[in-house]
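The opening position of the sequence shown corresponds to residue 46 in our numbering, with each subsequent residue numbered one higher. Glycine included, every Cβ here is placed at the ideal spot set by N, Cα and C. Okay, so here's the structure we're looking at.
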Amino acid sequence: MEEKAEVVSQGYYCMHCGKPLAKEAVVCPNCGIAVRGQSLDKKVVPKDKTIAVLLAIFLGFWTWIYTYETDSWKFWLNLALTVVTMGTWSFVAWIWSIVDVAAKPDSFYVNYPNC
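Shown next, in the form of structure tokens:
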């Protein structure tokens, strides 16, 4: 158990499943994905659907910044349409963002950005 705490404190994680890894690992023992050649320093932090819904309610289409890697096109499209229509599109974008984040399954946020 102490070894696991040491691995976590060093900050090495599988980029696919987010589980702790030893620095010299070649394959993730949890998911079996080869980790050689990938950056092990970045921890995969899953997103939370509740936060996404709250962002959509209070910030409209800015919620897509939360999941930017997969939803960047939605953000930029809605930002452009809001600017072109001098803000009238923002109501449509607000409704769209709430429906979009609420309709996505929880697994989308748990497995993010590997969805």
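In this structure, how does DSSP classify residue i when only helix, strand and coil are distinguished?
| i | result |
| --- | --- |
| residue 79 | strand |
| residue 154 | helix |
| residue 235 | Nothing can be reported for residue 235: it is not among the residues displayed for the chain, which extend from 46 to 160. |
| residue 169 | One cannot answer for residue 169 here, as it falls past the ends of the chain, which runs 46 to 160. |
| residue 90 | coil |
Return the CA-CA distance between residue i and residue j, expressed in angstroms with no decimal places.
| i | j | result |
| --- | --- | --- |
| residue 122 | residue 128 | 10 Å |
| residue 98 | residue 61 | 25 Å |
| residue 142 | residue 90 | 22 Å |
| residue 75 | residue 63 | 9 Å |
| residue 135 | residue 79 | 44 Å |
| residue 94 | residue 112 | 10 Å |
| residue 58 | residue 66 | 5 Å |
| residue 133 | residue 77 | 49 Å |
| residue 131 | residue 137 | 13 Å |
| residue 120 | residue 126 | 10 Å |
| residue 152 | residue 144 | 17 Å |
Output needed for residue i: all residues of its chain with C-beta closer than 8 Å, excluding positions within five of it in sequence on either side, in chain order.
| i | result |
| --- | --- |
| residue 124 | 106 |
Between residue i and the rest of its own chain, which residues show a CB-CB distance below 6 Å, the 5 nearest in sequence each way excluded?
| i | result |
| --- | --- |
| residue 158 | 114 |
Going by beta carbon distance, what residues of the same chain come within less than 7 Å of residue i, once the five residues before and after it are set aside?
| i | result |
| --- | --- |
| residue 154 | 91, 92, 93, 94 and 97 |
Original post:
Between the segment 102-116 and the segment 61-76, do at least 3 Cβ pairs fall closer than 8 Å?
Top reply: No, the segment 102-116 does not touch the segment 61-76.
Subject >> Every unbroken alpha helix (DSSP H) within the segment 106-131, with a cutoff of 4 residues, ordered by chain >> reply: Segments of the alpha helix (DSSP H) lying fully in the segment 106-131: 113-129.
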